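As they're listed, the protein sequences go chains A and B. Numbering follows the working numbering, in which position 266 of the first sequence is assigned residue number 266; successive positions increment by one, without gaps. Numbers in the working numbering are just positions in the second sequence, counted from 1, shifted up by 531. A virtual CB, placed ideally from N, CA and C, is assigned to each residue, including glycine. All values derive from a computational prediction rather than experimental measurement.
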Amino acid sequence: MGQQAACAGRAICMAAESSMTATALPQRFRVPSTRVSYEFEAAYDEMFKAPGVPREHYEALHKTLLGLPPEELRKRQQAADLTFLHEGITFTVYGSKEGMEKIFPNDLVPRIIPSGEWTKIEKGLTQRLTALNLFLRDIYHEGRILSEGIVPRELVYSCRHFRREMRGLNVPRDIYVSICGTDLVRLPDGSFAVLEDNLRVPSGVSYMLANRKVLKRVFPTMFRDYGVWPVDHYPQALLATLRSLAPENCNYRQDPTTILLTPGVSNSAYFEHTFLAQQMGIELVEGRDLLVHDNIVYMRTTAGLRRVDVIYRRVDDDFLDPLCFRPDTILGVPGLFNAYRAGNVTLANAIGTGVADDKAVYAYVPEIVKFYLSEEAILPNVPTYLMSNDSQRSYTLENLEKLVVKAVGESGGYGMLIGPQSTAQQREEFRARILAEPRNYIAQPTLALSRAPCVIDGGVESRHIDLRPYILMGEKVTLVPGGLTRVALRKGSLVVNSSQGGGSKDTWVLREGNGEDRVAKIPAIGGRREG
Amino acid sequence: MLSRVADSLYWMSRYLERAEHTARLVDVELQLWLDQSPDTGAGRWRFLLEGLHAPGAQGPVDAARLMNTLVFSRSNASSIVSCIATARENLRHVREQCSSEMWEQLNRLYLEVMETKPEEAWMLKSHGFFRAVQEGAHLFQGITDATMSHGEGWQYIQLGRYVERTDTLASLMGAHFRRTAPPVDQAVESAEYLEWVALLRSCMAFEAYCKAQTAEIRPLRVAEFLILNPEFPHSVRFSVDRINAALHVIGDLTERRAKSPTRIAGRLRAQLSFSQIEEIVAEGAHAYLENVRSECGAIHSAIHEIYFDYPIETELAS
């Protein structure tokens, strides 16, 4: 037993060593190719402040891990994996027939965020989403920010996700984005920066809740002792947000019929759709369950047709209504947009929000914050080079092997070039693409994402991570403390997306004073009569 | 409740009932097989296929191949594996409607049968496999009753189960009566005895029959027990009673003029309540059971038309 514990201890120390400077770094933690100038050792380590010395808020976790023999760690990881498989907490991998459903890899070691850091994140994200909602309202109405030249007009109008159809249309409470998942990264100096806003149909929140459930089972005592903010009230807060956005002319403003619209069982996030619908106690609906008559949306129930007021849609703009957007869609509902335009139904998020999470518009978000709120952005952006700008483009083309190039309208880790890990052929390919469509690409420096300890083959090693907190905006703003910490499980990889070999881990936001008050602060839901 | 959801719950339940039924039948058959000469054995297999409306009832009988058709074949939509996979697929489409415990159990059952290789389930371990399927289905039923609200969705699950059960029971017994002599009200022996016991076991009814009628196997009483007994869960009468109960609750919950399904089910129930086994046998038990099946089919169609796939025009007009 003692010997095994020592083994586990060594594994952790090795992980710690990788946070040391390049000179002290053992060979195996070096980047395999000398061509690569990017330095992993520059990354911030979440657990260690110095080799073998854990940060204060990681001390208890560090001790627990040291006390666990590798066999026990492996056993607990297997038990957790089995829970995920049996509960069917899976995502779908497109393009593979057998074993279409995969479990989303879960890592047992929680990521811990002290309350002070969280407070700043909370403020920063609230500010950012408030500004982005004002921005969306503005560009679909007067366009003040465009006339004043803060954001170039052609940048907005040339965005693939800009919807002319939304011009002059008013949405309830002027909230376009009510459900947002923003990707944050921690820079080498320990500060957080925004990597990406996801303002269309952000996913992953169900894994946040599932991770928590599993972690509570695996490390019950440690969880209790740490004083962690609960996240379990997310579905209730989401429902309250959706209901607060019911249409003005809804007959049942106090109790609107709210549904979740899913593309169906073959969608990669289908598990999440069912999970959220179940947790909120609302109907999970597919396009074929709905119909529009006289600009009113109905769903087909066993008791006849029932009017629908609020739709939490997990279907992309393009597929919502064949009469208005893509005519070949079978996921949508013919006539839905007209019903929306007539103000008879709310869609959350609104149509056309993708223009604000376009990766080229992203570069302007600090300006956008300043323009509408007269404040400096609390959470900074990552430096971004626009390919439509001549000097920034030529800098990028000269330094492709150092930069990350992204297609502006893509998400999920698709359409990306990671310079330091790319081949000459890939770089040439991207060079050609950038020159062909400069508006479609941006470049960013390769970031040394922070690293956190993960269970790998019964030992503990460090992997790169990011953080996606979820923000809800309706009658009020709700941030569930924590979010989804995504892990690039492949050694040295910087891509955390589930489709690209990523996993996730539970995120613990600590209460102030380490948990004096253990009673959950659960927001009340106004006017809720039944489930 | 969404029509699509009701439809999925209903079919999920039907498929699971069918899987359980087939597992039970094949299990009984495999045990009986050991007691029989090869010729009788082949006849039994053919009868089994007929009772299950499975393909391959003609031609020479190869027990291993048949087993494969009935149990593992994915091209046979009624094989045990296909049924469980379809039941799971239906439930997967409406996961948010059931309790997570239900989903976990059905998913576990699915993973278990998918992992079983045909050669493993053959002979030595076969009993264990078929038991696992039956118990898996029973556990699912128990979990459903214990963890899901007995609201509208639960009623569709009941409806699916008992529509399927009525149909499979009538089909199994119909095939049985067609190949045996008209049932008599006296004890039978040897070969004939085995056949009737097999029928009882195929309906999980042997012990229940013995409690009601003693271990003396009188074919007429067996027929009466399986068709008309109001208390035994695998009798035709019991199943039709459950269909009626579920339809009444659903009718109340949806406030719909559910005239046609309740009418047909009520008529069938009245028939079973007031029939005597002697009359049924005199008029031909096989024909009687065929009539039960066709009524059951009519109930199914009526449910479909009223709740699952009604014409929108009439709805909007009303």
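For the region 768-785 of chain B, the beta-carbon criterion of a distance under 8 Å to any beta-carbon of chain A is satisfied by Ile781, Leu784, Thr785. Distances from the CA of Arg535/B to each of Glu844/B, Met735/B, Glu836/B, Leu847/B were compared; the closest alpha carbon is that of Glu836/B.
Around Ala754/B, the same chain offers Met704, Phe708, Pro714, Ile808, Ile811, Val812, Ala816 as residues with beta carbons nearer than 8 Å, after the five sequence neighbours per side are excluded. Counting only Cβ-Cβ distances below 7 Å, Tyr838/B has contacts in chain A at Thr302, in chain order. Val771/B places its beta carbon 8 Å or farther from that of Ile758/B. In its chain, beyond the 5 residues on either side, Leu479 have a beta carbon closer than 7 Å to the beta carbon of Glu122/A.
Within the model, the alpha-carbon separation for Ile145/A versus Thr396/A is close to 28 Å.
Among the residues facing chain B, Asp358/A is not included, as its CB has no counterpart in that chain under 8 Å away. CA-CA distance, Ile465/A to Trp685/B, rounds to 43 Å. For Glu846/B, the neighbours in chain A by C-beta distance under 9 Å run, in chain order, Tyr298, Arg300, Gly304, Leu305. Taken in chain order, no unbroken stretch of alpha helix (DSSP H) lies wholly in the region 154-190 of chain A with a span of 4 residues or more. For the 8 Å CB-CB criterion, Lys402/A and Pro383/A do not form a contact. For Ile748/B, there is no enclosing beta strand (DSSP E), since its DSSP letter is neither H nor E. The bridge partners DSSP lists for Leu195/A come to none. In terms of CA proximity to Val171/A, Asn249/A leads the group Asn249/A, Thr126/A, Thr119/A. With fewer than 16 other beta carbons inside 10 angstroms of its own, Val53/A counts as exposed.
Below the 8 Å Cβ cutoff, chain B contributes Leu533, Ser534, Arg535 as neighbours of Asp289/A, in chain order. Here the alpha carbon of Tyr226/A sits roughly 35 Å from the alpha carbon of Asn638/B. Among the residues of chain A, none has a CB under 9 Å from the CB of Glu643/B; the nearest is roughly 11 Å distant. Taking all protein chains shown into account, Tyr270/A has 16 or more neighbouring C-beta atoms within 10 Å of its C-beta and is therefore buried. Identification of chain B residues near Val285/A by a Cβ-Cβ cut-off of 7 Å yields Leu533, ordered along the chain.
Under the DSSP assignment, Gly304/A falls in the beta strand (DSSP E) whose first and last residues are 304-307.
In the displayed model, Val285/A falls within a strand according to three-state DSSP. Leaving aside the five residues that flank Ile418/A on each side, the residues in its chain whose CB is nearer than 8 Å to its CB run, in chain order, Val404, Thr446, Leu494, Val495. Counting only the Cα atoms, Gly204/A lies some 46 Å from Arg596/B. Contact between the region 731-744 of chain B and the region 668-678 of chain B is absent, with fewer than three C-beta pairs closer than 8 Å. Of all alpha-carbon atoms in Ala363/A, Leu260/A, Glu375/A, Pro334/A, the one lying nearest the alpha-carbon of Leu386/A is that of Ala363/A. Residue pairing of Val405/A in beta bridges, as defined by DSSP: Leu417/A, Ala443/A. The beta carbons of Leu215/A and Val231/A sit no closer together than 8 Å.
Among the CB atoms of chain A, one or more fall inside 8 Å of the CB of Ile843/B. One alpha carbon belongs to Leu187/A, the other to Leu449/A, and they sit about 6 Å apart. Distance from Tyr546/B to Thr617/B at the Cβ level is roughly 5 Å; contact confirmed, criterion being Cβ atoms closer than 8 Å.
For Asp317/A against Leu533/B, the beta-carbon gap comes to about 24 Å, at or over 8 Å, which does not count as contact.
Contact between Met633/B and Thr675/B holds: their C-beta atoms lie close to 5 Å from each other, under 8 Å.
The Cβ-Cβ distance between Tyr841/B and Ile774/B does not fall below 8 Å. Residue state for His779/B is assigned as helix, using DSSP reduced to three classes.
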